[in-house]
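Heads up, the thing below is written out as structure tokens.
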Amino acid sequence: THGRTALSRACQAGHVRAAKTLIDNGADASHRDNQGLTCAHLAQRFEQRQVLRLLNPTEITQHLQPAAHRLHPLWDHSEQDRRLSRELHRLLSDAGFTEQRAKCQQRLADWLQQVARVLTQDGRQMTGSYAEGWANSLVQVNGRTAADSDIDWTVLVAGQEFHLEGGCEQKSWRDSCKDATPLQVKEGHA
């Protein structure tokens, strides 16, 4: 096992949800394997940027960046971004996404947003992948949407300030930060 834990293996493989679940249930991200590598080191070595953001974005930039340059001095994210973009394009194409279907979904999303605004009278905006026309969690090829699928909505409330819990550093708090309503983020939603 090389002294690796389930969390370190999830971080190495880029399994963000698994890593988050393990951390939320007490897994130690600072554990070092037989080579002295932490979860963050493994994620850095295998270019798992989403995992790195999960672990601790400030630690990444302060402590791991020099290590990354030692491992690969000409590290450039643009090549990985191009590779991931090509892979995403291939997967979307294989799944049947076309420009025409995406435009149709965007028109449906716009219509749904208009209906929701009339019904709720709160000025809500549809946000996220569904509104952008590239995502819908289908369970069957016939177009049935999964029961656990969601559509993201944003409602701006006049006169209220919201801050993501843990998003403000104490030393940089201003009066507005202290009075703002903290929102907990769960599975990408506040």
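Count the sequence shown with the UniProt record's numbering and you get residues 1 to 190, in order. Positions of the beta carbon are idealized from the N, C-alpha and C atoms, including for glycine.
Quick one: is residue i buried, meaning 16 or more other Cβ sit within 10 Å of its Cβ, or exposed?
{"i": "residue 204", "result": "An answer regarding residue 204 cannot be provided, because it is not within the stretch 1 to 190 covered by the chain."}
{"i": "Ser-85", "result": "exposed"}
{"i": "Gln-48", "result": "buried"}
{"i": "Arg-4", "result": "buried"}
{"i": "Ser-8", "result": "buried"}
{"i": "Gln-62", "result": "Low per-residue confidence applies at Gln-62: pLDDT is 45, beneath 50, and the placement is therefore not dependable, though the value from the model is reported in the following sentence. By the 10 Å Cβ count, Gln-62 comes out exposed."}
{"i": "Gln-105", "result": "buried"}
{"i": "Ala-19", "result": "buried"}
{"i": "Leu-71", "result": "Note on Leu-71: pLDDT 49, under 50, position unreliable in the model; no value is reported."}
{"i": "Leu-55", "result": "buried"}
{"i": "Leu-91", "result": "exposed"}
{"i": "residue 225", "result": "Nothing in the structure corresponds to residue 225, since the chain is present only between 1 and 190."}
{"i": "Leu-88", "result": "exposed"}
{"i": "Ala-10", "result": "buried"}
{"i": "Leu-183", "result": "exposed"}
{"i": "Val-51", "result": "buried"}
So residue i and residue j are supposed to be a Cβ contact under 8 Å. How far apart are they, rounded?
{"i": "Ala-43", "j": "Gln-12", "result": "7 Å"}
{"i": "Thr-38", "j": "His-31", "result": "7 Å"}
{"i": "Met-126", "j": "Leu-112", "result": "7 Å"}
{"i": "Val-185", "j": "Leu-164", "result": "6 Å"}
{"i": "Ala-6", "j": "Ala-29", "result": "With a Cβ gap of about 12 Å, Ala-6 and Ala-29 do not count as contacting."}
{"i": "Leu-2", "j": "Asp-33", "result": "At residue 2 the sequence reads His, which differs from the Leu that was named. Sure, about 6 Å apart at Cβ, within 8 Å."}
{"i": "Gly-14", "j": "Phe-46", "result": "7 Å"}
Starting from residue i and walking both ways along the alpha helix (DSSP H), at which residues does that stretch end?
{"i": "Thr-120", "result": "99-120"}
{"i": "Leu-22", "result": "16-24"}
{"i": "His-41", "result": "39-45"}
{"i": "residue 198", "result": "Because the chain here runs from 1 to 190, residue 198 falls outside it and cannot be looked at."}
{"i": "Gln-12", "result": "6-13"}
{"i": "Arg-49", "result": "49-55"}
Got a sec, what are the start and stop residues for the beta strand (DSSP E) residue i sits in?
{"i": "Gln-125", "result": "125-127"}
{"i": "Leu-164", "result": "162-164"}
{"i": "Thr-154", "result": "152-154"}
At the 8 Å Cβ level, is residue i part of the contact set with chain B, yes or no?
{"i": "Asp-24", "result": "Included in the structure is just one protein chain, with no chain B present."}
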